[in-house]
Ligand SMILES: [Cu+2]
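In the working numbering, the protein residues as written are 7 to 431.
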């Protein structure tokens, strides 16, 4: 780490630096853990939904496998523990200067000259969802060309007194938010609405995985090919009237989630960041959704309401501007507003969809009752597929107007309550 970077990071509380130890090592000794991540900035070719190909800028992960090693849009999902010391080393393979910063973590920002390497170090803040991206020159140019990804900060103490896992450090939340989050996650698996017992609890993704069946990452964006045409391998992106005024000249013709549109989202292939949630009733699933594009989106999930767990305060006049807000009143929503650079965590409960009729009398915990979608007793054939589409109508299109090929996909109920045990047992 450059000394300059360390000073930028802030040396408060580090006055006791021991002889022979770098500031990084001293800080590392005082924290619960360290993480060192090596990224590269490169370019890749991407095939769009209509078969057209465009060049994109991409992050690659040193030590990653497959597409992550050579470069992928979005960049690798990085997972670190709250409070740990994180060191990110970025090598710029390109011919122009790039930047690297993490939205929501002040000071986590650097510049990387063509062909060189730079490092940022920071203490991982409050658990939640963060965006890393290239905001070089204060424009979104390189971000929309592909240089974006998610940093997930995992909680140090995310377990409620009753033993339910949550995505947040409960002791860092205000008392009302603590109560609301614990009440929801404790209710999972234990009530008539949220059934499933121990299997009905939320489970975080493993720390060494980008995502999991119970934790999805969705990165919303848009592509305007006239900007992608500026990228040539081995050549510098030249300044032009286009690059000088990105926001006014960017006209998205493709709308993407994890860099794919429409039909290309119906299944996940090797090397892609998974999109589609496929679970059984009683298997709540967390969605970390961000918008790195320049258009507003309003993602609507059919079939279940989602519990809105966290968002970023985007009001510049607010005292909590830029911070993650875990509300003290968790709203149920079916459509979630995603302004540019918004980040939201939402829980899709995988509860019995309300459009499935009550039919089968069973004896339940409170005596005889009607229960729907018990495994193998469903009134509907599985899998049930429910639409997810963006209510900003324009963004359901791709290739300049093909509907429905933009920000449109689905989520899937594989089977009824207890179905996974039966399917695997
Ligand atoms: Cu809708």
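Glycine is no exception: its CB is placed at the ideal position from the N, C-alpha and C atoms.
Using a C-beta cut-off of 8 Å, the region 182–201 makes no contact with the region 267–277, since fewer than three inter-stretch Cβ pairs fall below that distance. Between residue 134 and residue 80, the C-beta gap is not smaller than 8 Å, which leaves the two residues out of contact. Under the DSSP assignment, residue 305 falls in the beta strand (DSSP E) whose first and last residues are 303–307. Taking residue 138 as reference, the option from 420, 296 and 428 with the minimal CA-CA separation is 296. Between ligand 1 and the CB of residue 303, the shortest heavy atom gap is not smaller than 7 Å.
For residue 343, the enclosing beta strand (DSSP E) begins and ends at 341–344. Counting C-beta atoms within 10 angstroms of its own C-beta, residue 182 has fewer than 16 neighbours from the protein chains shown and is therefore classed as exposed. Residue ranges of uninterrupted beta strand (DSSP E) with 3 or more members, entirely inside the region 212–286 and ordered along the chain, are 221–229 and 260–263.
For a cut-off of 8 Å, the C-beta gap from residue 164 to residue 179 is around 10 Å, too long to register as a contact. Residue 395 has its Cβ nearer than 7 Å to a heavy atom of ligand 1. Contact annotation: residue 83 and residue 41 have beta-carbon atoms that are not nearer than 8 Å.
Around the CB of residue 239, fewer than 16 other CB atoms lie within 10 Å, so the residue is classed as exposed. Three or more Cβ pairs closer than 8 Å define a contact, and the region 318–326 falls short of that threshold against the region 282–291. Within the DSSP secondary-structure output, residue 297 pairs in a beta bridge with 226. Distance between residue 213 and residue 294, taken at the CA atoms: about 15 Å. Residue 306 has its CB nearer than 7 Å to a heavy atom of ligand 1.
Within a 10 Å sphere around the beta-carbon of residue 310 sit 16 or more other beta-carbons, which makes this residue buried.
Closest by C-alpha distance to residue 215, out of 278, 354 and 90, is 278. Between the C-alpha atoms of residue 313 and residue 428 there is a straight-line separation of about 28 Å. With respect to residue 233, residue 208 sits apart: the two C-beta atoms are not nearer than 8 Å. Ranking 322, 334 and 304 by CA distance to the CA of residue 340 puts 304 first.
Fully contained in the region 65–118 are the following beta strand (DSSP E) runs of length 3 or more, in chain order: 84–87, 91–98, 104–109 and 115–118. With a beta-carbon spacing of about 7 Å, residue 52 and residue 59 fall inside the 8 Å limit used to define contacts.
Here DSSP, grouped into helix, strand and coil, assigns residue 405 to coil. The beta-carbon distance between residue 398 and residue 301, rounded to whole angstroms, is 7 Å. This is short enough to meet the 8 Å contact definition. Residue pairing by DSSP places residue 158 opposite 85 and 135 in a beta bridge. The residues 228, 401, 412 and 413, in chain order, have a CB closer than 6 Å to that of residue 261 in the same chain once the five nearest residues on each side in sequence are set aside. Between residue 217 and residue 225, the C-beta gap is not smaller than 8 Å, which leaves the two residues out of contact.
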